[in-house]
Structures are given as C-alpha cells and as structure tokens.
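Residue numbers (the working numbering), protein chains in the order written: chain R, 9 to 268; chain P, 9 to 268.
Built from N, CA and C at the ideal position, the CB exists for glycine as well.
Note that the structure is predicted; figures quoted are calculated from it, not measured.
Input: a single structure, listed below in structure tokens.
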DNA sequence: GACACTTGTGAAAATCCTGTAAACGGGGCT
DNA sequence: AGCCCCGTTTACAGGATTTTCACAAGTGTC
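The structure is reproduced here in structure tokens:
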C-alpha cells in the first residue's frame, strides 16, 4: 500500500490484517524495481505519492508489473483521469472518501481474477517432512519413489497436518478444515483416518514418527526420527508375518511420543 | 448488456460499436443457461432486471460463469451491497449516473485481466506424448500417420490433459476449462468423454497407457508404457476376435494404473 | 487402585465413485 | 422429412472409500 492518508491506512491495515494478509506500507513513491522485488500480490496506490510524476509512475508500475493486482485510490478525480488510469493498466480506481470494507472487497475481486489467470489450483508446491514428500499436484505422498497410496481424505488430512507442522490441532478444527463442515458430537472419523495414515506412514517410512497424539486435545504433525527401542531390522524377509512386530513397535513408538 | 435504462444503453452501444465490440442487449433477465450459450466475453448487468431475485440471479450468473467479465451497473447502492456483490464474484460495480466512457474503460480493464488468463494458452504448438502427437493446428491427434479421429470435445479434453501432463486435474477444473462454465453437480460428461478418449487411444496406441484415474479426484495424463502383465506376444492373428482379449487387457491396464 | 474418559483397532455397513452401455435430443445436411 | 453425427443424460453394477460400531487399551484423577 502506498498512501499518505494515515487514517485511511491504519483502518485498512487492521482490516487487511484480519483477513490474513501480509501488508507493507509506505508513504513515498517506491521505485518500481523495488516493487518487483517485493513479490506483491496486490498494490493499493495513491498516485499522489509520486507528486507530479504521478502518471509516469503509474505507467511504469503498470507496465513493469502486468500481473500485479493494481488498485488506485485517489481523492477527487475526474472521469477522464480514471479512464486514463484504467487504460494504462490500473485494475480498479476508487475515490475517497472510500469505505475500507469496499476497498478490501475490490482488491479481493481483482486478485481473484488475477489468481484465476495464474495457476488455478492453490499451492502446488510440494512439502517435505522426514523422508516423505507431499505433492499436492498429485494428491499423494511419496517416500522416495514409492507411493503411499493415500485416498483423498487421507491425503487431505495429511496435507493439513503437514501444513500446520508443529501445531497441535483439535479434532474439531481438523474436521472442520478437512471435511468442510462442523463435526458432529461423538464422531470418530478423525481418529480413524489418523490410524489409517499412521499405518501407511509406518509401513513406508518406519524410521520416522510423524503424527503425535495429544490426549484430550488432538493431534500434532512433527516428523521425528523414530525412537526404536529394542529389537531391530532383520530386513523382514518378504512375506514374514508383520502383524506382531509391527503392532508392538508401533505401540512403543506411539507411547513414547504421546507427549503431552 | 442487461439493462433497462435505454438512454444509457444507446450511448454505450454506440461507444461499444466504435470499439469494435459485438454487443447484445436485453431488458429482461436472461436465464443463465442462455448466457452460457451466447459465449460472452463480458456482461454489463443491472441486477434490477431480475426484480427481487436480483441477488440470486447475480449469484447464479457469477458461479455458473466464473470466467465471464462481470460488471454490475446500478442506480443508488450502498457499500454493503457493493461488497456483497463483489464477494459474490462481480468484478466491478459502477453506480449511475455513470459516464459511458468510464463504463467502457472498466469493462475493458476487467476483460484485459481475463484475457491474459486465457490468452497465454493459445497454443498452436504440437505436443508429443508417448507415441501420439497432438496437433492443435488440426484439432487432431495422430499416432504416426493415423488420425485418431477425435471430435472437437474429445480433442479439447485431450489437449487440456496433455498440457497439464503429470498433474491430477479435478473434474470440476476439467469441466470448467473445457466446457467454459461451471460443472453442475452430478454431471458425468467428463467421465464419458474420458472413456471415449481411452477407447480411441487404446485402439490406436495399445502399448501406452495415457490417462490415469485418481479415485475421488479426477484424472491425470501421463504416458507410460503399458503394463502388460502376463499373457502376451501371440501377435493376435489379424481377424481374431479382439473383443475378449481387448476388454480384458484394458481392464488389467486400467486397474494396475488406477494409481492413487 | 477403581472410575470416568479418551483414543486405538478391526470389521461390518452404508455411501460414494467410476466404467460402461445405451437412450436421448438438437443441428446440420441431403 | 429423414438421417447421421455428436454431445448430454440416465441407468446400473462392481468396486473403493468413508462411516459407524463395539471393544480393547491407555490416561488422568481422586
């Protein structure tokens, strides 16, 4: 945001903050080069900050950053000015006095369209954790080359937990964010899926411990080298009955990490 | 354009004409379905045409045609209304009395961004995948010299998938990008076309497996040498009944690659 | 240590999803 | 009009996945 009207700025900042945006602000004209370096998603700008270079400045910003959501917010302005601005590449032009709520909504509207233009989907960036790799582009997790073979729900659960790595998430929160609606009282779905996940994780990456239980609260994702206590790794001749040793070791691991 | 203010409309029409736009106009609410059929680039709309269904109408239009440049132009309006509209998916909201020049400029600003989204994809470069070649210039795919004989939709589907090779695309995304508007809940068109494609692909290039199903999500295009499991190599004496072996092998292949 | 809860498990039951085939229906063409 | 080509809908069956249950096991308290 580039603007000098401190009142407007602070109100807007609070709103933006609440909406989860990361906001930067300056009262002077920032060189377009620096704007590029900032990797902004959107820019709210009062051309007045550029003094009588206003038009040139606008033009440079708009042409240098064609993908930036660019919204201008001025005091009095004429139709001709607005048209000129819009033609230059400005996406929306708001006139003060403006309601902050509307400013936010307009910036969002522009960003929305801008986002649709780019990569449609959300974060396609892979996450790494322990020796597993979570790939949103495939809705899958891998350990090396092997596919964990997660179902959609399993993947979404894992993805959510991994994104919030280190945080303890309550069941209600998890359910709300993965299932998309409120959890019914007494629903055990989350627990069941956590178990399925742990199974697949342990099967494919036994040397790490990923999901930790917090009694009475929920779960926390945090890859830690597995605390193998005792017996160890006779590379399990293909076909050996894994059941007993597996269940035991998983018990041990879970216990020792059911930290509180 | 949907509006009843004939004065405004005629002025705007003249301007639009001059700008080289092809303009359609109605004073009543046009059913969203028909809007789809019109293949509009932009829509200027006064929700008043929908009477007291205004919000529902806006919502339906915006969610059915997320790619349409949607600009609302109303008489008096409150901040709350504008915010609500913008949140619903409206791209810009103009309040009358409005200068036609500005209206035009705003529609252009929105369309510009929209065009940038689609524009990049105007790919006429041929794609290669497995032993098939996709040629946007002919709207066809070939294996060597033989033409797969795809219909338009089949081609567009294949083209989209191939461009996003390796990515899992959700049905909704596919539909949105191939059909151009939002998929109705329960629509199976995508599945049906995927089957048709697979049929033609398998018939003409049996040694590759191209389209993979991701249960509960969608499809992924990724050419892989067909996983012939077991039987093989009696080069099917020309004229042998292909039905049984064909259906069986396709079963096997699909299953083994319905990776997840 | 007994009690009141919580969480882990395994499996059955209920749902949902996809492949497939076939019926439908609009347009364009002869 | 009659036909053909294509895109859209429907119907169904077989699987895959998600939910639900009944219990066992574990945790914290008094």
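Using beta-carbon distances, residue 52 of chain P does not count as an interface residue toward chain R, since no partner is under 8 Å.
Counting every other CB atom within 10 Å of its CB across the protein chains shown gives residue 138 of chain R a total of 16 or more, marking it as buried. Shortest Cα-Cα distance from residue 100 of chain R to any of P:114, P:44, P:88, P:154 involves P:114. Identification of residues in the stretch 39–72 of chain P having a C-beta nearer than 8 Å to some C-beta of chain R yields an empty set. In the DSSP assignment, residue 202 of chain P is bridged to no other residue. Straight-line spacing of the CA atoms in residue 174 of chain P and residue 143 of chain R works out to 11 Å.
Residue-level contact by beta carbon fails for residue 185 of chain R and chain P, as no gap is shorter than 8 Å. The stretch 10–26 of chain R and the stretch 54–64 of chain R touch, with three or more beta-carbon pairs separated by less than 8 Å. In the three-state reduction of the DSSP assignment, residue 102 of chain P falls in the strand class. Under the three-state reduction of DSSP output, residue 42 of chain R falls in the helix class.
For the stretch 80–103 of chain R, the residues whose beta carbon sits under 9 Å from a beta carbon of chain P are, in order, 87, 88, 90, 91, 92, 93, 94, 95, 97, 98, 99, 100, 101.
In the three-state DSSP reduction, residue 152 of chain P falls in the coil class, being neither helix nor strand. In this structure, DSSP gives residue 78 of chain R an extended state, which the three-state scheme calls strand. With a beta-carbon spacing of about 13 Å, residue 70 of chain P and residue 118 of chain P fall beyond the 8 Å limit used to define contacts. Taking C-beta atoms under 8 Å as the contact rule, residue 209 of chain R and residue 186 of chain R fail to qualify, at a distance of about 17 Å. Selection R:116, R:75, R:104 evaluated against residue 86 of chain R yields R:104 as nearest (Cα-Cα).
Distance check between residue 68 of chain P and each of P:38, P:233, P:181 places P:38 closest, using alpha-carbon atoms only. With fewer than three CB-CB distances shorter than 8 Å, the stretch 152–159 of chain R does not count as touching the stretch 187–198 of chain R. Measuring C-alpha to C-alpha distances from residue 155 of chain P to each of P:211, P:222, P:74, P:19 identifies P:211 as the nearest.
Burial of residue 191 of chain P is indicated by the presence of at least 16 other C-beta atoms within 10 angstroms of its C-beta. Within the same chain, and ignoring the five residues on either side of residue 64 of chain R in sequence, the residues whose Cβ sits closer than 8 Å to its Cβ are 58. At least one C-beta of chain P is nearer than 8 Å to the C-beta of residue 147 of chain R. The contact set of residue 122 of chain P on chain R, defined by CB atoms closer than 7 Å, consists of 121 in chain order.
Annotated three-state conformation of residue 172 of chain R is coil, per DSSP.
With respect to chain P, the C-beta atom of residue 12 of chain R has no partner C-beta closer than 8 Å. Of all residues in the stretch 219–232 of chain P, those with a C-beta nearer than 8 Å to a C-beta of chain R are 222, 223, 224, 225, 228, reading in chain order.
Here DSSP, grouped into helix, strand and coil, assigns residue 221 of chain P to strand. For residue 61 of chain R, no beta strand (DSSP E) run applies, since DSSP gives it neither H nor E. The residue among P:184, P:96, P:111 with its C-alpha nearest the C-alpha of residue 19 of chain P is P:111.
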